[in-house]
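Chains as they are written, first to last, in my numbering: chain G, 328 to 536; chain Y, 1395 to 2035.
Even glycine gets a Cβ: it sits at the ideal position worked out from N, Cα and C.
Since the model is a prediction, treat every value here as computed from it, not as a measurement.
See structure below.
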Amino acid sequence: MRLRISFAKTDAMRYTSHLDLHKTWERTIRRTGLPLVYSQGFNPRPKLQLASALPLGFTSDSEVLDAWFAETDLSITQILEAMQKAAPPGLQIHNVTEIDSTKPPLQTQVRSAEYVITLLESVPNLEVCLESRLSDSSLPRQRRGKPYDLRPLIETLSLLLPDEQGRSRIAMRLSAREAATGRPEEVLAALGISPESTRIHRSHLIFDE
Amino acid sequence: MLAPSEILSRLERLLPTVQKPGRYTGGELNQVVKDWDSVKTRVALVFPDIYDLGMSNLGLAILYDLLNQCPEVLAERAFSPWVDMETAMRSIGLPLFSLESKHPLIDFDIVGFSLPYETLYTNTLNALDLAGIPLFSSDRTAKDPLVIAGGHAAFNPEPMHAFIDAFVIGEGEEVIHEIVSVHQAWREQKVNREDLLHSLAGIQGVYVPAFYRAHYNSDGTFSRMERLWEGAANPVIKRIVAQLPPPLTRFIVPYIDTVHNRIPIEIMRGCTRGCRFCHAGMITRPVRERPMDEIVNAVEQAIAQTGFEEIGLLSLSSSDYTQVVDLVQTVNQRFVGRHLSISLPSLRIETVSVDLMDAVMDERRSGFTLAPEAATERMRRIINKPVSTEQLMETARAIFSRGWPTLKLYFMIGHPSETMEDVQAVADLCKAVLAEGRKVLGGRATVHAGVSTFVPKPHTPFQWVPSETIENIRAKQGLLKRQMHTPGLKLTWTPPEETLLEAWLSRGDRRMAQVIFAAWQRGARFDAWKDGFNYQAWMDAFTETGLDPAFYTHRQRLPFETFPWEHISTTLRKKFLFDDYLRSQREETLDDCRQGCFACGILPAFAGVRRQHPGDIWKCPDVSPRPQMKAQDLTKSEALG
């Protein structure tokens, strides 16, 4: 049985790496007592697939995990409740649905990701800055020594209303395909904003289909 | 001092800029957060190394649980920040804080340090400094937290005497509550700090250094410990619990990977084997076992509460647990197919151990570890770990033929009276073991030799012997490196400078406190880390204080020398230790003392405690007055002969 679990990663959990998040899930499911399926072989691994790695320090309320279980008598609602009860602080499970096991791996289906960035310090002329970047036809940048063009990876970029504390917020949708993944820190850098003075939140993952 | 909300908001800014920010957030599953104002006593438990290591410390986890079970008490955790975080904290004036409520450490009533080994001493000073707590006990006032420490290294507390207000000697499960109630009573009376120290010194197993003064002979050796107050105990006798309480099961589950990310269940405390180099084996007597049902149920509960994939059934010598075969079979039946890995460390070198591991390992068969400690039978008699080489080879064959491709062998060099031939034997033995592995598994077989250097420890039969010199260590390691440069053999060793540091501190006296302080001032910290250890800072510290490092390490101590740690009693008689030292010089071994009592001293000292808990929990044999006399006579005559 393949279950698709959507969840949020918040608070201290945002400093749990992608690898450690796998472990967190394995442990959460072990605490529920639900029969997680493991791979065969010398070093069995739990069958878990996360849609898209969330960089360390980002929060999100749109993460998706596929997990394989042996048949159980529990209903989907009961499974959801068991998981919610077993989840550690900072991991909130929104919902669980059963999906067709023959569907392609989750990671290959991600198309884009939406982010909301809260600026902890005010940035002058923010709106002008955003528009000027959008009007650029290319944004040459380097990552790990490799040059690439950031501009085509930016699908949307706009200003949101400030939060309750009056801090400016930027929304962006970036390509999230394999070998064509836009990074919000890179966009911030292109805007002249230091990522350390921001909070980055992934608000939505968009899949094919 | 900063309010927790201010600490939190400064912390939030720092976290994205440092490595592994998950070390500093707290908030994990099973952490306990109590209302700060609703309790009478607030205790900060500090492991003076990074989170990744400290979270694996079982002692601290037990105290955290015990204290938080008291409605009037809260306990929170703190760890040393890694170098990058320390720099960041100092640059913005962020003091050391607790992970749970983000209170600065100086706001706590009691700050307790875990000191399992000596290389945490400079980190302890650094933690106090980062917390803004005066480093020297004598500089603290009634407004400062009470600073206590415990753990195996506290059995020679003298090098740290100047920085710690009170040491707990021995097991902390009961005494921690007594310390808290003494503190509560003192707070209600609003009296001075001296009164608190007096009350603490009245608790059995608590050592308050301020009530003692050390005297030295003209040759620099220790002469005697003077009591400055008649109420202070001399000696301070260690605390033990008569019976191990049920094991902890609600462990905090870290958000990030840590050193031992697992459920640790102590199946037994103490060891009856009497390996002469082994500090733990001498200071944790008597042997007390946990009932098997209690262990199995604890594993079940801990899995439900933590979800950890790995379980460690811990003790100093697992093979000696009376029902070890039953335990392993029961654990296996109960947990098979649940994708857990169960480790049973410290197994004896015999084929039965391979059967045990075979039964217990569910999956992931990677490495098997044995600790012969020395490579020749002569040397193993000297250290009282008598295993024949044939037995070792037979065990190795069994390990490889049951499918473990890697055999890890632990050795020590620098044992008393060791020659280059004994060191050569380490290389030869590893090659012979590898050849056996190759016969069974071909090129897949590997041998990993972990070769550390022996450090003579206080309260052991080897407390009299000189440490190996740095030149000899280098020569011996050089021989091993040359001889063991072979495919399939992997050699790891301890840098000799690190060994020397451990040796200075292990058998140091009160004067070493100045060296620790001077070394810390010169930037020494993270001494247990390869990239942290600053040998030059220590050498400069010795120069500054005018002390000779070799005096502490390379001097053969005289039979009748008084040691600076003798006012701390493990209850093992000095004569018992010395006789055993003489026995080692004659290459004679001492049997497992479950078979017959050798009158180490633990039983008469704790006769009352044992009487309160009759039954089979202590593994000391019953000793009637007459055979005990006999054993003593025997020891005497041996010493004379």
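DSSP beta-bridge partners of residue i
{"i": "G1706 of chain Y", "result": "Y:P1658 and Y:S1737"}
{"i": "L1439 of chain Y", "result": "Y:R1471 and Y:G1506"}
{"i": "E425 of chain G", "result": "G:L330"}
{"i": "K1496 of chain Y", "result": "In DSSP, K1496 of chain Y forms no bridge with anything."}
{"i": "S1403 of chain Y", "result": "Paired residues: none, contrary to the question."}
{"i": "Y365 of chain G", "result": "G:P373"}
{"i": "M1751 of chain Y", "result": "According to DSSP, M1751 of chain Y bridges with nothing at all."}
{"i": "D476 of chain G", "result": "G:P467"}
{"i": "A507 of chain G", "result": "G:R504"}
{"i": "S1963 of chain Y", "result": "Y:I1631"}
{"i": "I527 of chain G", "result": "G:I444"}
{"i": "V1718 of chain Y", "result": "According to DSSP, which records beta bridges pairwise, V1718 of chain Y is partnered with nothing at all."}
{"i": "L532 of chain G", "result": "G:A440"}
{"i": "A1912 of chain Y", "result": "In DSSP, A1912 of chain Y forms no bridge with anything."}
{"i": "T1840 of chain Y", "result": "Y:T1800"}
{"i": "M567 of chain G", "result": "As shown, chain G starts at 328 and ends at 536. That puts residue 567 of chain G outside it, with no answer to give."}
{"i": "L1874 of chain Y", "result": "Note: L1874 of chain Y sits in no beta bridge, so no partner."}
{"i": "M1806 of chain Y", "result": "Y:S1846"}
{"i": "F1762 of chain Y", "result": "Y:L1801"}
{"i": "F1561 of chain Y", "result": "Y:A1543 and Y:Y1601"}
{"i": "L1894 of chain Y", "result": "Per DSSP, none; premise fails for L1894 of chain Y."}
Beta carbon of residue i nearer than 9 Å to that of residue j
{"i": "V1647 of chain Y", "j": "P415 of chain G", "result": "yes"}
{"i": "Y1715 of chain Y", "j": "G1416 of chain Y", "result": "no"}
{"i": "F1502 of chain Y", "j": "V1437 of chain Y", "result": "yes"}
{"i": "H1842 of chain Y", "j": "T1893 of chain Y", "result": "no"}
{"i": "A1560 of chain Y", "j": "V1602 of chain Y", "result": "yes"}
{"i": "A1897 of chain Y", "j": "R1916 of chain Y", "result": "no"}
{"i": "T355 of chain G", "j": "A397 of chain G", "result": "no"}
{"i": "T359 of chain G", "j": "I403 of chain G", "result": "no"}
{"i": "L1734 of chain Y", "j": "E1660 of chain Y", "result": "no"}
{"i": "S344 of chain G", "j": "L392 of chain G", "result": "no"}
{"i": "H1853 of chain Y", "j": "N1550 of chain Y", "result": "yes"}
{"i": "K1496 of chain Y", "j": "L1594 of chain Y", "result": "no"}
{"i": "D1921 of chain Y", "j": "T1516 of chain Y", "result": "yes"}
{"i": "A1469 of chain Y", "j": "L1499 of chain Y", "result": "no"}
{"i": "D1459 of chain Y", "j": "L346 of chain G", "result": "no"}
{"i": "I1768 of chain Y", "j": "V1849 of chain Y", "result": "Before going further, note that residue 1768 of chain Y is Ala rather than Ile in the sequence given. No."}
{"i": "V1477 of chain Y", "j": "T1435 of chain Y", "result": "no"}
{"i": "A2047 of chain Y", "j": "S1508 of chain Y", "result": "Any answer about residue 2047 of chain Y is impossible in this case: the structure gives chain Y only from 1395 up to 2035."}
{"i": "V1834 of chain Y", "j": "L1874 of chain Y", "result": "no"}
{"i": "M1787 of chain Y", "j": "K1825 of chain Y", "result": "no"}
{"i": "K1968 of chain Y", "j": "V1681 of chain Y", "result": "no"}
{"i": "I1383 of chain Y", "j": "P1489 of chain Y", "result": "Absent from the structure is residue 1383 of chain Y, since the part of chain Y shown begins at 1395 and ends at 2035."}
{"i": "S333 of chain G", "j": "V423 of chain G", "result": "yes"}
Nearest-angstrom beta carbon gap, residue j and residue i [assumed within contact, 8 Å]
{"i": "I481 of chain G", "j": "M499 of chain G", "result": "7 Å"}
{"i": "F1671 of chain Y", "j": "M1814 of chain Y", "result": "Not a contact, Cβ separation roughly 20 Å."}
{"i": "T1789 of chain Y", "j": "L1828 of chain Y", "result": "About 14 Å separates the two Cβ atoms, so there is no contact after all."}
{"i": "E1812 of chain Y", "j": "M1751 of chain Y", "result": "Going by Cβ atoms, the distance from E1812 of chain Y to M1751 of chain Y rounds to 30 Å, so no, they are not a contact pair."}
{"i": "I1570 of chain Y", "j": "L1452 of chain Y", "result": "Contact flag wrong, Cβ pair sits at about 15 Å."}
{"i": "A409 of chain G", "j": "E390 of chain G", "result": "Contact doesn't hold; Cβ gap of about 19 Å is too wide."}
{"i": "S495 of chain G", "j": "V443 of chain G", "result": "Actually they are not in contact, since the Cβ atoms of S495 of chain G and V443 of chain G sit about 11 Å apart, beyond 8 Å."}
{"i": "I1736 of chain Y", "j": "F1762 of chain Y", "result": "I1736 of chain Y to F1762 of chain Y, Cβ: 14 Å. No contact."}
{"i": "A1808 of chain Y", "j": "I1867 of chain Y", "result": "The identity of residue 1808 of chain Y in the sequence shown is Gly, whereas the question assumes Ala. Right, the Cβ-Cβ distance comes to about 6 Å (below 8 Å), so this counts as a contact."}
{"i": "T1411 of chain Y", "j": "E523 of chain G", "result": "6 Å"}
{"i": "L484 of chain G", "j": "L457 of chain G", "result": "6 Å"}
{"i": "S1711 of chain Y", "j": "R1667 of chain Y", "result": "6 Å"}
{"i": "F1473 of chain Y", "j": "D1443 of chain Y", "result": "7 Å"}
Specify whether the segment 362 to 371 of chain G and the segment 502 to 516 of chain G touch according to this definition: at least 3 beta carbon pairs, one from each stretch, less than 8 Å apart.
no
With a threshold of 8 Å, are at least 3 pairs of Cβ atoms found where one atom belongs to the segment 1992 to 1999 of chain Y and the other to the segment 1964 to 1977 of chain Y?
yes
Using 8 Å as the cut-off, can you tell me whether the segment 1427 to 1444 of chain Y makes contact with the segment 516 to 534 of chain G, which would need three or more C-beta pairs spanning the two stretches below that distance?
no
Does the contact criterion of 3 or more C-beta pairs under 8 Å hold for the segment 1934 to 1942 of chain Y versus the segment 1901 to 1920 of chain Y?
yes
Kindly provide the ranges of any alpha helix (DSSP H) runs that are 4 or more residues long and lie completely inside the segment 1602 to 1686 of chain Y, ordered along the chain.
1673 to 1677
Fully enclosed by the segment 375 to 456 of chain G, which beta strand (DSSP E) runs are 3 residues long or longer?
375 to 377, 386 to 395, 418 to 426 and 437 to 446
Along the segment 1673 to 1698 of chain Y, what residues have a CB closer than 8 Å to any CB found in chain C?
The structure shown has no chain C; the protein chains it does contain are G and Y.
Looking at C-beta atoms only, is the number of pairs between the segment 1621 to 1630 of chain Y and the segment 1999 to 2011 of chain Y that lie closer than 8 Å three or more?
no
Between the segment 1631 to 1646 of chain Y and the segment 1693 to 1705 of chain Y, do at least 3 Cβ pairs fall closer than 8 Å?
yes
The segment 1725 to 1733 of chain Y in contact with the segment 1441 to 1455 of chain Y per 3-pair CB rule at 8 Å:
no
Start-end ranges of the alpha helix (DSSP H) lying completely within the segment 1923 to 1993 of chain Y, minimum 4 residues:
1929 to 1939, 1943 to 1947 and 1968 to 1979
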